[in-house]
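To start, the structure under review is shown below, and the notes come after it.
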Ligand SMILES: Cc1cc2nc3c(=O)[nH]c(=O)nc-3n(C[C@H](O)[C@H](O)[C@H](O)COP(=O)(O)OP(=O)(O)OC[C@H]3O[C@@H](n4cnc5c(N)ncnc54)[C@H](O)[C@@H]3O)c2cc1C
Ligand code: SF4
């Protein structure tokens, strides 16, 4: 069962307390300074993260660049501003878990059909998850995630997705699904939220954004000819 | 401690479709009505205004208009011996909040019901024999007939400005509507909406395989409409930001647009927002309600005395309030005794996605919440269940309500889940994919029910409602059979490939995937106080000045969406209050 490890990790986490977090964060931070400067040149815009530490920022930039890479089909998640989008989301009620019912008792062993049953909110998932993953990378490769080659990063992301990494502090699938969900959101949400810069996500798939008037297009079997527009009137 | 206000004639708990209809009817009857709504004021302007409403992240991903789960939710378990866990994040269902309730952000699919479903148990026993209904399946008759409800279906369609194509009016075939649909006293107020291209493909393919496609009845206006209350609607432009959003075009029916403007003209009506009702208060012998207690925005407890209490807070909130107030005997699945919480049901969905080449432009962003093309050949009892051995059925449809890329992007089977391969697949698939649903019925069972959770509490310190629910053998059989029938339509469209999403035998209720907000039952109507919580007029059997309005009254699920029947039952109940109850307050049906 591929989920076994994640399962144990989840239980382990619940047995520990949140007191472990600051230590991990500090450790992660030490590695970060060099990594951040390495990741910086790929950034299109000098956004200064409010939630993410330098180490976390390096991870997020590196990971989303693999999830939605820049390639022959156009700009990727980094160019679209997805890291900024995520950082901003983590400062909202959503990031703090204030949109969720978060009363105890929590249940680490709940069957997946019951959805999220851990105490972790999005901010925790990133903070704890990135530290745990970077620690794992350090111990296996002597480098943090952001310093690995793209092929190695892809391999790790696949393992995270499949629940094959034992991160101890949280199920690896949780970190992956949080990151991938937010990456898609940042790639496809209206640019007022900080991502989808230049409407690149919408242009990729052919979504016209906030046009929202198709009176003359309802029953045609035709490619919709107009470029997307955003809420603030930007055209792609 | 609590402040007690001046008494009013009637208090309405919750201001969605059911609450708005009752408030309108009761003020028309001359009663002074106070509606208490737990959420904020909200309306087309500014909450649904262009362009800010066109924001998938805010409205869909973050659910701005939906229930605030941080304050109150439900718990869910799969069986009577399990431990229920809270529904912590909005996913399987999206209850409403604030003025208009889910009626502000619903989609608009506006059905009636098949007459035989109102007497489902009797009908199956007559046609297939008593032994046909499996042990443990607790389906019942509603205690009201289609003929009795017909005028109310008709009036509700006029209030909602519903678009559609009738088949039979007063016994005469008048149009190309659903040939299985029952007789109507009048046509739809507005002609059917146009078919989007995906719906057109479905219509053609359904005809090819010998089924009978029809335009879905939609409370999304196909043209200008002035409703019986004098409120005007404009034509829907298929903006695609429909389900989960307020309509910026004033085209989708909502309590806010279609009823509230008329209600506001009445000096007898008052709407109090941010007023969360905690319980209905009963007199010392528990036979009469004296009013309600609610918490206002400042957290103060307030008692609002009233002669009549309308509980219209949405299906499961209705049941929750009854349990918290001690109205009716709580249901016990072990003995089968008691009524409040009994027969909780849902919608049994299956979906087929069809992926086409680049020359087929399904443009999924073009769409309207209620529009589409459906077939009823395998819905209700329109086909012989005898050899199939299950109860229930499903309409099938392409109901392209507007798929936007965060949530609505689906890729063909085998596509990479991220990376450059995902990007290529997303580019190739998005505007060339269509989705069709088998919107199946879900029967009621002895052990699918609602009660109070022993562990978890809401923000007011009250126990959460607990759902005990899972799919049963009958449900797997039904959904798998009908999905195979729907597959014939999908294949007749000649897509490149299809993906079939249907339950496997043994799959548990999955709270993580959206499956409609069509939650049903729990305070069911009927003709026997031993097996129903409210009588045929939706009046509590036990506390005669409490009426409980909503899909909580359905004794089991149906293939159709519930709101058309909720509205008709609301008008039916209001008529009984106006014409019978007010003259002579007391039980309208002798137990
Ligand atoms: C996204 C979506 C799409 C839908 N599409 C369709 C469709 O196409 N066709 C269809 O038939 N149905 C559809 N539905 C279902 C439809 O919205 C409901 O059937 C309908 O709104 C039920 O009306 P109601 O008045 O019973 O409840 P609601 O409209 O939910 O109103 C209940 C109100 O009561 C308030 N309330 C609850 N508890 C309290 C309390 N304790 N004190 C005070 N107030 C309280 C709530 O805040 C809410 O405003 C959809 C639902 C959703 C969420
Ligand atoms: S699709 Fe039509 S009814 Fe729905 S929100 Fe848009 S304009 Fe309104």
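Protein chains in written order, with this note's numbering: chain A, 212 to 447; chain B, 8 to 598. Note that beta-carbon positions come from the ideal geometry of N, C-alpha and C, so glycine has one too.
(request) Compute every distance between the C-beta of residue 256/B and the non-hydrogen atoms of ligand 2, then say whether any falls below 8 Å. (result) yes
(message) If the criterion is Cβ atoms closer than 9 Å, does the pair residue 316/B and residue 104/B meet it?
(response) no
(message) DSSP three-state label for residue 236/A, please.
(response) Note that residue 236/A scores a pLDDT of 33, beneath 50, so its modelled location is shaky and nothing firm can be said.
(request) Quick one: using the 10 Å Cβ neighbour count with 16 as the cut-off for buried, is residue 410/B buried or exposed? (result) buried
(request) Run through the region 196-234 of chain B for me and flag every whole beta strand (DSSP E) of 3 or more residues, listed as ranges in chain order. (result) none
(message) Which residues does DSSP list as the beta-bridge partners of residue 179/B?
(response) 176/B
(message) So, with DSSP's three-state summary, where would you put residue 246/B?
(response) strand
(message) Please list, in chain order, the residues of the region 193-209 of chain B that have any C-beta partner in chain A closer than 7 Å.
(response) 201, 202, 203, 204, 207
(request) Compare the C-alpha of residue 310/B against each of 448/B, 325/B, 286/B and name the closest. (result) 286/B
(message) At the 9 Å Cβ level, is residue 418/A part of the contact set with chain B, yes or no?
(response) yes
(request) Could you name the residues of chain A that residue 248/B contacts, counting a contact when the two beta carbons are closer than 7 Å? (result) 423
(request) Compute the Euclidean distance between the alpha carbons of residue 380/A and residue 372/A, then round it to the nearest angstrom. (result) 16 Å
(message) As a quick exercise: from 500/B, 437/B, 475/B, pick the residue whose alpha carbon is nearest that of residue 454/B.
(response) 475/B
(request) Give a single yes or no on whether residue 407/B has its beta carbon closer than 8 Å to a heavy atom of ligand 1. (result) no
(request) Go ahead and pull the three-state DSSP assignment for residue 338/A. (result) helix
(message) Quick check: the Cα distance between residue 321/B and residue 418/A, rounded to an integer number of angstroms?
(response) 35 Å
(request) Compare the C-beta of residue 404/A with all C-beta atoms of chain B and state if any pair is closer than 9 Å. (result) yes
(message) If the cut-off is 8 Å on Cβ atoms, which residues from the region 341-371 of chain A count as contacting chain B, listed in chain order?
(response) 365, 368
(request) Go ahead and pull the three-state DSSP assignment for residue 456/B. (result) strand
(request) Output the boundary residues of the alpha helix (DSSP H) element that contains residue 485/B. (result) 480-499
(message) Under 8 Å, with one C-beta from each stretch per pair, do the region 275-290 of chain B and the region 299-309 of chain B reach the 3-pair mark?
(response) yes
(message) Quick check on DSSP: helix, strand or coil for residue 347/A?
(response) helix
(message) For a test of the three-state rule: what should DSSP assign to residue 551/B, helix, strand or coil?
(response) coil
(request) Closer than 8 Å by beta-carbon distance: list the chain B residues that pair up with residue 377/A, in chain order. (result) Those within 8 Å of residue 377/A in chain B number zero; the least Cβ separation is about 21 Å.
(request) Ignoring anything shorter than 3 residues or poking outside the region 321-409 of chain B, list the beta strand (DSSP E) runs there in chain order. (result) 349-352, 355-362, 380-382, 403-405
(request) Would you check if the distance between the CB atom of residue 221/B and the CB atom of residue 184/B is smaller than 9 Å? (result) yes
(message) I want to verify the contact list: residues of chain A whose CB lies under 7 Å from the CB of residue 61/B, in sequence order.
(response) 421, 423, 442
(request) Under 8 Å Cβ to Cβ from residue 256/B, same chain only, skipping five residues before and after it: list those, please. (result) 241, 242, 243, 244, 246
(request) Assign residue 296/B to one of three DSSP states: helix, strand, or coil. (result) strand
(message) List, in chain order, every chain A residue whose beta-carbon is nearer than 9 Å to that of residue 432/B.
(response) Chain A residues near residue 432/B: none, gap ~10 Å exceeds 9 Å.
(request) Using a Cβ-Cβ cut-off of 9 Å, state whether residue 113/B counts as contacting chain A. (result) no
(request) Starting from residue 446/B, follow the beta strand (DSSP E) in both directions and report where the run begins and ends. (result) 440-447
(message) So residue 257/A contacts chain B; which residues on that side make the cut at Cβ distance below 8 Å?
(response) Simply none; closest approach about 24 Å.
(request) Using beta-carbon positions only, say whether residue 578/B and residue 546/B come within less than 9 Å of one another. (result) no
(message) Taking 8 Å as the cut-off, is the C-beta of residue 414/B nearer than that to any heavy atom in ligand 4?
(response) Annotation note on ligand 4: not contained in the displayed structure, which lists ligand 1 and ligand 2 as its ligands.
(message) Short of 8 Å in beta carbon distance, which residues of its chain neighbour residue 253/A, apart from the five on each side in sequence? Order them along the chain.
(response) The pLDDT assigned to residue 253/A is 45, lower than 50, so where the model puts this residue is not dependable, and the model offers no usable value.
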